[in-house]
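I have placed the structure first, in the form of structure tokens, so that the comments after it can refer back to it.
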Amino acid sequence: MKDTDTVDARMDQFGKFVIDQTYITDLVVVTGDGGFQELLKFAEHRGKGVSLISAADAVSGRFIIQERQFNLKLV
Numbered sequence: 002m003k004d005t006d007t008v009d010a011r012m013d014q015f016g017k018f019v020i021d022q023t024y025i026t027d028l029v030v031v032t033g034d035g036g037f038q039e040l041l042k043f044a045e046h047r048g049k050g051v052s053l054i055s056a057a058d059a060v061s062g063r064f065i066i067q068e069r070q071f072n073l074k075l076v
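Sequential numbering of the sequence shown, starting at 2, is according to this note's numbering.
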């Protein structure tokens with residue numbers, strides 16, 4: 002496993018913990034590579050507002066599809 006994959010997995014795990022164990026109302030993810038798609042779904046299914054910030058030319062096609070399926074706001 003590459004270091005970046007390990008970091009992404011740790012960030013995903015921490016994000017899920019924060020979503021379930023705190024009173025946050027919204028999740029903002031700054032990325033474009035699609036590595037946090039499951040985290041965004043997790044937050045959405047728990048009623049959190051979800052925003053994704055990415056450069057337009059760097060956003061993963063998976064996020065564009067997810068924007069249509071969920072209440073995902075691409076910024």
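A virtual CB, placed ideally from N, CA and C, is assigned to each residue, including glycine. As the structure is a prediction and not an experimental result, all values here were calculated from the model.
Problem set entry | Residue closest to G35, alpha-carbon to alpha-carbon, out of Q14, F15 and I54 | I54
For this session: Go ahead and pull the three-state DSSP assignment for I54.
Result: strand
For this session: Identify whether D27 lies in helix, strand or coil by the three-state DSSP scheme.
Result: strand
Exercise. So is G50 in contact with chain D if we call contact Cβ pairs under 9 Å?
Worked result: Here there is only one protein chain, and chain D is not present.
Exercise. Quick one: Cα of M2 to Cα of R11, how far?
Worked result: Legend: pLDDT at M2 = 48, less than 50; position of this residue unreliable, no value from coordinates given.
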